[in-house]
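Sequential numbering of the sequence shown, starting at 171, is according to the numbering used here. Data block below; observations after.
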Amino acid sequence: MSLSSKFPTDSVVLQDSAVVALARGLQPYLPAGQTVSTRDGHAVRSLGWIILSHLDTRSRACILAEQRLWVNDIWTFPSWLAISTIARRADYLGDLIDFDRVFATFSSTRSSAVTSASSSHGDLCQVLHRAGVLYSGTSRLCFDVGVSSFLISLFRTSAFTDLHTVRLYVASSTSFQSFVLPCLRILQLYGSRDVRTRPTLAWRSSPVILSSALKGIFAGTRLERLELEGLDVKADAARVITDAAIRDVQMKLRKPSSVAAVLDCYPENRPFSRHVIYSRPSFTEPLPGWVWRSASMYPDLPLAVVFEGSLTMAWITILPMGDWPDAAAPYFQEGADSAEYYPPKLHQPTLIVRYHRISRLYLPNHGTSYLDAMVADLQSYCLPVDVFIARELRFTSDGQTPWLRRSRHCGLALRAMPNIYRLVIEDERLADIILDAPPSCTRADFVCRSDWYGRSGVLDALSAAREHRTTSLWLRGASRQCDQHVVQHLSHSVPHFVDARRPTHFHAASSLLQMELETAQEIVRYHEMKDMTIRFEMTLTY
């Protein structure tokens with residue numbers, strides 16, 4: 171069929187554009203190996219781009235000239251001869267080779283032949299060597315034939331002049347060694363556990379790699395981005411690479427020692443500009459020493475500490491004082507993927523480090539050793555802390571956002587901060603912690619929240635500030651009807667009181683009965699939310 175009959179025009183350019191547009195529209199449906207059904211109900215494998223061989227010569231030439239349309243499907247063609255032929259036509263310009271796609275139509279025998287076939291077929295080697303991106307794949311076949319080990323062996327013996335991105339899924343059986351790829355900019359290493367159905371990313375029982383291998387890779391590349399997940403990195407060498415230029419780092423490594431081993435591969439005087447590190451130290455272990463360097467926070471930096479807590483847990487976030495006014499709650503989620511660790515579950519990260527943020531999960535309600543570990547951490551960095559912020563933890567369910575039950579240990583955390591000069595209370599239920607503030611604290615900010623559905627904490631805040639005496643009380647947040655009477659009659663009893671609440675319009679009850687009804691509705695809503703909260707807390711496993 172000639173496409174000129176479909177596009178009646180004398181313009182060759184317009185005809186060529188129409189052919190390319192048609193091929194681009196068909197592109198998502200053309201990779202070979204996809205299962206399609208025939209009219210008689212039998213499932214067959216699509217031949218992919220080969221069906222376009224039935225077009226006229228000019229149309230075929232036009233599509234072949236647009237190599238980016240089909241070049242990444244080279245490995246899905248049904249024979250080694252087809253792969254070799256189409257690779258030559260593409261001038262070996264395949265940008266992405268994903269071995270999950272490579273093996274989409276392969277049998278186990280044919281998959282096992284990849285390593286030997288590629289070493290004996292020059293065209294296949296050329297396809298690999300000219301690739302810009304290589305993914306080792308996560309399918310069963312990829313692990314059975316050891317694609318990652320095969321690629322690493324090629325990296326060590328051959329020149330890859332265009333390869334800028336590598337993603338390797340490393341298993342315990344993978345022979346992981348250093349390699350030299352001068353053009354490599356992005357390296358992604360994922361540890362995988364070989365389970366019966368399909369290999370999965372590891373968290374426990376992670377594959378082990380040696381830090382010396384990473385150091386060799388850093389020395390032989392110009393990495394700009396590094397991603398490590400599900401690996402156990404063992405430190406086995408002391409040499410530091412002084413010319414590493416990595417700026418973008420993401421690590422999800424269960425053991426803090428693994429993170430330390432990776433950081434030892436990098437000079438201390440070169441901070442990461444973009445990075446997120448996830449780890450899971452034991453709840454009774456001290457805060458790892460490497461967190462300060464990783465967050466680019468040094469001893470002379472004034473700090474703010476945010477305590478976001480509930481009855482069963484607390485996230486404590488450390489950040490520079492200069493960053494705190496512009497920080498957004500929830501503070502422990504800033505700059506990180508919150509879906510990875512909140513709500514917390516067993517075997518998930520409990521320590522998140524990124525630029526100018528250190529967040530750690532504590533379980534002070536689980537016993538003395540857990541509580542002591544939290545206090546010990548706070549005391550280890552308390553001297554430069556100027557501001558302490560107390561806030562609730564929440565969750566979302568069925569369009570509602572209940573607050574988890576209040577923490578019983580926020581006051582104890584505050585007492586571990588002897589030098590703060592300002593206390594900020596964003597959880598109204600914690601108003602009484604003003605009494606736990608040290609003598610150095612000269613200002614307490616109490617935030618009246620428009621999203622709080624329980625009893626107001628203004629009375630407790632005024633009473634605590636009056637008893638503390640050395641602390642001035644600033645009311646901030648929303649001006650609410652429920653607080654008006656208390657503020658008018660008791661604010662004069664506080665030695666230093668400032669009402670900085672923003673004016674808001676609120677609905678006034680038209681009668682006493684209407685007021686009683688609204689109060690009853692608020693009580694019902696409070697207990698409905700509390701019911702949701704308790705049920706949610708029962709599902710937490712940590």
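Ideal Cβ positions, reconstructed from N, Cα and C, are used throughout, including at glycine. Keep in mind the model is a prediction, meaning the values are calculated, not measured.
Cβ-Cβ distance between residue i and residue j below 8 angstroms
i, j, result
"Arg530", "Leu457", "yes"
"Leu710", "Pro572", "no"
"Ser375", "Ala341", "no"
"Asp606", "Ser626", "no"
"Ala560", "Ile604", "no"
"Ala601", "Ala631", "yes"
"Val486", "Tyr532", "The sequence shown places Ile at residue 486, rather than the Val named in the question. Going by C-beta atoms, Ile486 is nearer than 8 angstroms to Tyr532."
"Leu433", "Gly400", "no"
"Val545", "Leu582", "yes"
"Phe273", "Leu311", "yes"
Nearest-angstrom Cα separation, counted from residue j out to residue i
i, j, result
"Arg576", "Ser480", "5 angstroms"
"Glu686", "Gln651", "14 angstroms"
"Cys192", "Ala235", "What sits at residue 192 in the sequence shown is Leu, not Cys. Straight-line Cα distance between these residues: approximately 14 angstroms."
"Thr538", "Leu298", "57 angstroms"
"Gly569", "Gly505", "24 angstroms"
"Tyr525", "Phe706", "31 angstroms"
"Asn226", "Gly302", "Reading off the sequence shown, one finds Asp at residue 226, where the question assumed Asn. Those two C-alpha atoms are separated by around 32 angstroms."
"Met171", "Val190", "Residue placement at Met171 cannot be trusted, given a pLDDT of 49 that sits under 50; the coordinates are not used to answer."
"Thr391", "Ala329", "13 angstroms"
"Leu266", "Gln296", "13 angstroms"
"Thr308", "Trp373", "16 angstroms"
"Cys435", "Phe565", "39 angstroms"
"Arg194", "Cys232", "12 angstroms"
"Pro472", "Glu478", "20 angstroms"
"Val617", "Asp332", "56 angstroms"
"Phe502", "Tyr511", "10 angstroms"
Helix, strand or coil at residue i [DSSP, three-state]
i, result
"Val557", "strand"
"Leu371", "strand"
"Ser480", "coil"
"Gln347", "coil"
"Lys385", "helix"
"Tyr696", "helix"
"Phe313", "helix"
"Arg672", "strand"
"Ile138", "Since the displayed the chain opens at 171 and closes at 712, residue 138 lies outside it and no answer follows."
"Phe325", "helix"
"Leu457", "coil"
"Leu600", "helix"
"Pro198", "helix"
"Ile233", "helix"
"Ile256", "helix"
"Leu605", "helix"
"Leu683", "helix"
"Pro514", "coil"
"Trp240", "coil"
"Met171", "Residue confidence for Met171 is low, a pLDDT of 49 falling below 50, so the modelled location carries little weight; the figure read from the coordinates is stated next. Correct three-state label for Met171: coil."
"Leu541", "helix"
"Arg578", "coil"
7 angstroms CB neighbourhood of residue i in its chain, flanking five on each side removed
i, result
"Tyr696", "Tyr623 and Gly624"
"Lys404", "Val378, Leu380, Ser381 and Ala431"
"Arg636", "Ser663 and Val664"
"Asp406", "Leu380, Ser381 and Ser382"
"Ala497", "Leu489 and Glu504"
"Arg326", "Gln347 and Phe349"
"Met708", "none"
"Leu541", "Pro534 and His579"
According to DSSP, residues forming a beta bridge with residue i
i, result
"Arg564", "Trp573"
"Met715", "Only positions 171 to 712 of the chain appear in the structure, and residue 715 is not among them; the question remains open."
"Met421", "Leu398 and Ile447"
"Cys618", "Gly647"
"Trp143", "No answer is possible for residue 143: it lies beyond the span of the chain, which begins at 171 and ends at 712."
"Thr335", "Val303 and Ile356"
"Lys404", "Leu380"
"Ser642", "Arg613"
"Ser362", "Leu371"
"Phe667", "Leu643"
"Ile522", "Tyr448 and Ser529"
Beta carbon proximity, residue i to chain B, threshold 8 angstroms
i, result
"Gln296", "Here there is only one protein chain, and chain B is not present."
Own chain partners of residue i with C-beta closer than 6 angstroms, once the 5 adjacent residues on each side are dropped
i, result
"Arg337", "Tyr305 and Gln358"
"Phe177", "Its pLDDT being 48, under 50, Phe177 is placed unreliably in this model, and the coordinates cannot settle the point."
"Pro426", "Ser449, Pro451 and Pro458"
"Ser345", "Ser319"
"Leu660", "Leu632"
Cβ neighbours of residue i in the same chain (closer than 8 angstroms, five flanking residues each side left out)
i, result
"Pro609", "Thr640"
"Thr689", "none"
"Ser550", "Pro456 and Leu457"
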